[in-house]
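FYI, in the numbering used here the residues of the sequence shown are 13 to 179.
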Amino acid sequence: MITHGSTTVPPATPIDSAETTVRCLRCGLEQPRTNVCVNCHSFLPGTKTALIHGGRQFVEGNGTALDEARRTEIEVNVLEDLGGTDEVSEVMRSLVADFAGAVVLRDLVFAHLRAKGPLTKAGRRRACTSLYFDASARAERLAKQIGTSRKPARVSTLQDVLEGGGR
Ligand SMILES: [Zn+2]
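So this is what it looks like as structure tokens:
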């Protein structure tokens, strides 16, 4: 049961609660379903209830378990595309973390704009509209630095074939 201020979020459906364990995106540890990994303290995925009141959370500045899980998910996926954490430099890891944060911020601001509309009642452009474009531009800039292509799976070279003997 998760509460946001006075709002009580109903418990997950019986189907969800049947899944009693969750796998950490960062360290891969399978563990009883909670919000934070017991091993690496990353937020764990699957907190669907945190989607509710996205706009309000944005205004109040509360990070949610979902946002953190999403950020970790993006970071892990991008690092995987780059061939795994061990294959990338410290600088690249930092860029990837920054990229994941920019994407989550962009999506969070967009959710807010979607809920509220881009204009105020007075017909002015909402201040967070520029924040949306800033976050979007930042994510795009970082994506260019990181690169958009997946590192191809390692294919056998002629050397490998020769070393493999006369199969
Ligand atoms: Zn973990």
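Each residue gets a CB set at the ideal place from its N, CA and C atoms; glycine is no exception. Since we're looking at a predicted model, the values are computed, not measured.
Beta-bridge pairing of residue i - partner residues as DSSP gives them
i, result
"Arg150", "According to DSSP, which records beta bridges pairwise, Arg150 is partnered with nothing at all."
"Leu131", "Arg137"
"Phe55", "Val48"
"Arg35", "Glu42"
Distance cut-off 8 Å: residue i Cβ against heavy atoms of ligand 2
i, result
"Asn51", "Among the ligands in the structure shown, ligand 2 does not appear; only ligand 1 can be found there."
Which listed residue (the options) has its alpha carbon closest to that of residue i
i, options, result
"Asn51", "Leu41, Arg45, Leu170", "Leu41"
"Glu80", "Ile86, Tyr144, Val103, Phe55", "Phe55"
"Arg138", "Ala112, Arg150, Leu125", "Leu125"
"Thr32", "Gly159, Leu117, Pro57, Cys39", "Pro57"
"Pro44", "Val34, Arg38, Thr160", "Val34"
"Glu99", "Arg162, Glu175, Leu170", "Arg162"
"Phe111", "Thr141, Thr160, Ala123, Leu174", "Thr160"
"Glu87", "Ala155, Leu170, Leu143", "Ala155"
"Arg83", "Ser101, Glu175, Arg118", "Arg118"
"Ala149", "Cys49, Asp172, His53, Ala114", "Ala114"
"Ala123", "Leu170, Met104, Leu143", "Leu143"
"Ala109", "Gln157, Cys140, Gln171", "Gln157"
"Ser106", "Gln171, Val90, Leu120", "Val90"
For the 8 Å Cβ check, are there 3 or more pairs between the segment 95 to 115 and the segment 125 to 132? no
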